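Mapping of the sequence shown onto our numbering: residues 72 to 167, in sequence order.
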Amino acid sequence: MDTPEESATLAQKAGYTYTILSDADRQVIRRYGVLHSGAGENGRDIARPAEFLVDAAGVVRWVNLTEDFRVRATPTRCSRPSALYVRQGAPWHRAS
Numbered sequence: 072m073d074t075p076e077e078s079a080t081l082a083q084k085a086g087y088t089y090t091i092l093s094d095a096d097r098q099v100i101r102r103y104g105v106l107h108s109g110a111g112e113n114g115r116d117i118a119r120p121a122e123f124l125v126d127a128a129g130v131v132r133w134v135n136l137t138e139d140f141r142v143r144a145t146p147t148r149c150s151r152p153s154a155l156y157v158r159q160g161a162p163w164h165r166a167s
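Here it is in structure tokens:
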């Protein structure tokens, strides 16, 4: 997991204008069910590539799970109900 400083540097270099979560203690990725324990470089814990659309009330409205961190969702895909995932324990499952 990136430190807050690493996340801030990434955001600045990429020109992001939104807050990036730094989850050094892995609490959030555990709660969202996307921890890959020991799967990173030198056995470091990493998060499974995922995107979450969370509304103002904190409700997860949409999830994109992928095995390839380079693959990101398009705005059109975010609005498709067929792309919705639901959490039934862990991990996330595509809604039927």
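Even for Gly, the Cβ is constructed at its ideal location relative to N, Cα and C.
This structure is a prediction, so every number in the text was calculated from the model and none was measured.
Beta-carbon proximity of residue i to residue j, cut-off 7 Å
| i | j | result |
| --- | --- | --- |
| Leu106 | Ile100 | yes |
| Ala95 | Thr80 | no |
8 Å Cβ shell around residue i - same chain, five flanking residues per side excluded
| i | result |
| --- | --- |
| Leu124 | Val131, Arg132, Trp133, Val134, Cys149 |
Assigned exposure category for residue i - 16 Cβ within 10 Å defines buried
| i | result |
| --- | --- |
| Tyr87 | exposed |
| Ala85 | exposed |
| Ala128 | exposed |
| Tyr89 | exposed |
Residue of the options minimising C-alpha distance to residue i
| i | options | result |
| --- | --- | --- |
| Arg97 | Tyr89, Ser108, Thr90 | Ser108 |
| Tyr103 | Glu122, Gly114, Asn113, Arg115 | Glu122 |
Residues near residue i in its chain [Cβ-Cβ closer than 7 Å; skip 5 each side]
| i | result |
| --- | --- |
| Ile117 | His107, Ala110, Gly111 |
| Glu76 | none |
| Ser78 | Ile91, Ser93 |
Residues of its chain near residue i, where Cβ-Cβ distance is below 6 Å and the 5 sequence neighbours each way are ignored
| i | result |
| --- | --- |
| Asp126 | Arg132 |
| Ala82 | Ile91 |
- Note down, one range per segment and in chain order, each beta strand (DSSP E) of at least 3 residues found wholly within the region 73-132. 121-125, all fully within the region 73-132.
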